[in-house]
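Here's the structure, in structure tokens; my notes come after.
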Amino acid sequence: MTLYRDKAVVLRTYDLREADRIIVMMTESHGKVRAVANGVRKMSSRFGARLEPLSHVDILISTGKNLGTVNQVDLVTSAKGLYADLDRLTMGLAMLEAVDQLGMENEPTEHLYRMLVGALQWLSENDSSLVLAAFYFKLLVAEGVGAQVEACVGCGAPGDRLVAFDVFRGGAQCRDCRSGATISAEAIGIIQDIVGGRLNNALSLRASSATREVAALATKCMEHHLERRLKSVAVFESPEM
Amino acid sequence: MASAYTQPMQALIDALSRLPGIGPKSAQRIAFHLIKCEERDVEQLSSAITKAKTMVKFCQRCFNFSESDLCQYCGDDRRDATTICVVEESRDVIAIEKTREFSGQYHVLLGTINPLDGVGPEQLKIRELLQRIEPQGVKEVILCLNPNTEGDVTSMYLARVLRPLGVKVTRIASGLPVGGDLEYADELTLGRALEGRREVVG
Ligand SMILES: [Zn+2]
Ligand SMILES: [Zn+2]
């Protein structure tokens, strides 16, 4: 048995036996890790509260034959700001779901950890309808499959002539090459800002039909890359009650 | 891999391991136990399951377990219909009743919103809760959900859809266990307890 210490964001939890939980987390140095936390569902648990999804923790894990065990947990930053608002909380959870899907167990992916911590930190202090979309587009860039929006993926026509976006071809297209769904010029501009290093421009935008277009497209691109639906994004998309 | 058990035994183990909180090892242990039991005891168990399944239904108003159309709380006109306590499951109704502190009615959601598992509002009895507000003249809805991620998401969502109906939405305070020592409380529990503080009357 060996012990190691790492920093981690809790991605999700699964109930195990009567009072235990399996904690899935994205660590700084050990990639995605699953470990058992004993007794954390009891009211008397000393660290159960620190192991809810979105918690950013400093953690001591002992590795076993199969699953490791959580020995000690300290908060790095409280996720309180995320739990203060329904939109922040659901966007935060949708970030976790994508990172959970992209992460490989025990294969270091420090960039995923850093991007997640950064995005959650921003989200806990700010409101923006585009923060989740920006996070997804940035993740796809980091995965090497960033959306191509500077020029037509078919013929290289310049950015101002793009009218459609095809997730299968991974980018935008001009009128002559068009396939996929129609996209507005504003939406193209927003995605150019997100992937082109002008993130603050995008995050400061008020919600509009263009930001909704971008948000929906970000989810579609991420789902295409993951080859599965993102459950947490669709949760509140059903028709209003 | 071929099963080491005969088909009926394997079917029993499979069925048991689908129950909540029971893993393959426990399922195996329970199955062995049942096979060794007196036939009479096993029959008693299976008839208790069948009987409960056919006789226990959900209350048509609040979705608590009930043997008739309305549960014992919805059918009791001494209970205050203008205050509704929202819980996740029927077992929580039993827990609250034990406190003898609540005399209103209940609403059982039959689950909580769980984004990471794709459980959304429309899969719960939320529409049915909203439909009770006006006809019953509900003044206050008390959210009595677990202090965890799903409980928080569900509470915030309910507050969002209930407030426009002009009803007061409150959530039970979460904090320190009675009889516990402050020094053993984790910072998050203590933080929540501080948030839910109330004036002391002395
Ligand atoms: Zn083209
Ligand atoms: Zn009832």
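For the record, the sequence lines run as chains A and B. With the first sequence counted from 1, adding 1169 to any position gets you my numbering. With the second sequence counted from 1, adding 139 to any position gets you my numbering. C-beta: ideal position from N, C-alpha, C; glycine also.
Residue i - partner residues in DSSP beta bridges
{"i": "B/I281", "result": "B/C224, B/T309"}
{"i": "B/L255", "result": "Looking at the DSSP assignment, B/L255 forms no beta bridge with any residue, so it has no partner."}
{"i": "A/K1176", "result": "A/D1227"}
{"i": "A/V1193", "result": "A/R1181, A/R1203"}
{"i": "B/G243", "result": "B/D219"}
{"i": "A/T1171", "result": "A/T1232"}
{"i": "A/P1327", "result": "A/A1320"}
{"i": "B/S205", "result": "B/K196"}
{"i": "A/A1341", "result": "A/F1334"}
Within-8 Å CB hit, residue i to chain A
{"i": "B/E267", "result": "no"}
{"i": "B/T238", "result": "no"}
{"i": "B/D291", "result": "yes"}
{"i": "B/G160", "result": "yes"}
{"i": "B/N287", "result": "yes"}
{"i": "B/R299", "result": "yes"}
{"i": "B/Y296", "result": "yes"}
{"i": "B/M140", "result": "Confidence at B/M140 is low in this model, with a pLDDT of 46, below 50, so its placement is unreliable and the value that follows should be read with caution. Closer than 8 Å: no."}
Beta-carbon spacing of residue i, residue j below 8 Å
{"i": "A/A1302", "j": "A/A1387", "result": "yes"}
{"i": "A/V1245", "j": "A/K1201", "result": "no"}
{"i": "A/L1331", "j": "A/V1318", "result": "yes"}
{"i": "A/V1242", "j": "A/R1219", "result": "yes"}
{"i": "B/I265", "j": "B/Q244", "result": "no"}
{"i": "A/S1401", "j": "A/E1221", "result": "no"}
{"i": "A/L1229", "j": "A/L1251", "result": "no"}
{"i": "B/L255", "j": "A/R1181", "result": "yes"}
{"i": "B/I281", "j": "B/L263", "result": "no"}
{"i": "B/L297", "j": "B/V232", "result": "no"}
Member of the options whose CA lies at the smallest distance from the CA of residue i
{"i": "A/V1364", "options": "A/K1307, A/A1188, A/F1216", "result": "A/K1307"}
{"i": "B/D325", "options": "A/Y1183, A/F1216, A/A1204", "result": "A/F1216"}
{"i": "B/S242", "options": "B/D219, B/G257, B/L263", "result": "B/D219"}
{"i": "A/G1328", "options": "A/R1381, A/C1343, A/S1247, A/K1211", "result": "A/C1343"}
{"i": "A/N1284", "options": "A/F1304, A/M1170, A/D1269", "result": "Checking the sequence shown, residue 1284 of chain A turns out to be Met, not Asn. Out of A/F1304, A/M1170, A/D1269, A/F1304 has the C-alpha closest to the C-alpha of A/M1284."}
{"i": "A/N1207", "options": "A/S1224, A/S1231, A/T1196", "result": "A/S1231"}
{"i": "A/C1321", "options": "A/D1296, A/G1349, A/K1389, A/D1184", "result": "A/G1349"}
{"i": "B/S205", "options": "B/R230, B/V247, B/V195, B/T251", "result": "B/V195"}
{"i": "B/E228", "options": "B/G250, B/E334, B/I188, B/E240", "result": "B/G250"}
{"i": "B/C201", "options": "B/K192, B/P163, B/Q211", "result": "B/Q211"}
{"i": "A/L1185", "options": "B/K164, B/L301, B/G341", "result": "B/K164"}
{"i": "A/M1194", "options": "A/T1259, A/K1249, A/P1277", "result": "A/P1277"}
{"i": "A/L1291", "options": "A/G1261, A/D1269, A/V1310, A/L1309", "result": "In the sequence under discussion, the amino acid at residue 1291 of chain A is Trp, which differs from the Leu named in the question. Out of A/G1261, A/D1269, A/V1310, A/L1309, A/G1261 has the C-alpha closest to the C-alpha of A/W1291."}
{"i": "B/E261", "options": "A/Y1173, A/R1174, A/V1404", "result": "A/V1404"}
{"i": "B/L155", "options": "B/T145, B/Y144, B/A143, B/I169", "result": "B/I169"}
{"i": "A/S1353", "options": "A/L1374, A/V1336, A/T1380, A/L1372", "result": "A/T1380"}
{"i": "B/N287", "options": "B/Q146, B/R217, B/T193, B/I311", "result": "B/I311"}
{"i": "A/R1174", "options": "A/I1191, A/R1338, A/A1204", "result": "A/A1204"}
{"i": "B/L304", "options": "B/L269, B/N285, B/D180", "result": "B/L269"}
{"i": "A/L1309", "options": "A/E1294, A/C1324, A/G1339, A/D1189", "result": "A/G1339"}
{"i": "A/M1170", "options": "A/G1233, A/T1238, A/S1214, A/S1198", "result": "A/G1233"}
{"i": "B/Q275", "options": "B/L315, B/V292, B/D216, B/T238", "result": "B/D216"}
{"i": "B/R331", "options": "B/G314, B/N203, B/L321", "result": "B/G314"}
Below-8 Å beta-carbon distance, residue i vs any chain B residue
{"i": "A/L1281", "result": "no"}
{"i": "A/P1222", "result": "yes"}
{"i": "A/K1307", "result": "no"}
{"i": "A/L1255", "result": "yes"}
{"i": "A/S1401", "result": "yes"}
{"i": "A/F1405", "result": "yes"}
{"i": "A/M1410", "result": "Below a pLDDT of 50, predicted positions are generally treated as unreliable, and A/M1410, at 44, falls in that range; the measurement from the model is reported next regardless. At least one chain B Cβ lies under 8 Å of A/M1410."}
{"i": "A/A1218", "result": "yes"}
{"i": "A/E1294", "result": "no"}
{"i": "A/D1189", "result": "no"}
{"i": "A/T1238", "result": "no"}
{"i": "A/T1246", "result": "no"}
{"i": "A/L1266", "result": "Looking at the sequence provided, one finds Glu at residue 1266 of chain A rather than Leu. Yes, its Cβ sits closer than 8 Å to a Cβ of chain B."}
{"i": "A/R1215", "result": "yes"}
{"i": "A/L1229", "result": "no"}
{"i": "A/L1271", "result": "no"}
{"i": "A/R1181", "result": "yes"}
{"i": "A/T1259", "result": "yes"}
{"i": "A/L1262", "result": "yes"}
Distance cut-off 7 Å: residue i Cβ against heavy atoms of ligand 4
{"i": "B/S205", "result": "In the structure shown, ligand 4 is absent; the only ligands present are ligand 1 and ligand 2."}
Cβ of residue i within 8 Å of any chain E Cβ
{"i": "A/L1301", "result": "Any reference to chain E falls outside this structure, whose protein chains are A and B."}
Interface residues of the region 246-259 of chain B facing chain A [CB-CB below 9 Å]: I252, N253, P254, L255, D256, G257, V258, G259
Near-chain A residues of the region 310-339 of chain B (beta-carbon distance less than 8 Å), N- to C-terminal order: P316, G319, Y323, D325, E326, L327, T328, G330
Interface positions of the region 1381-1397 of chain A facing chain B (Cβ-Cβ less than 9 Å), listed along the chain: none
Interface residues of the region 1330-1345 of chain A facing chain B [CB-CB below 7 Å]: none
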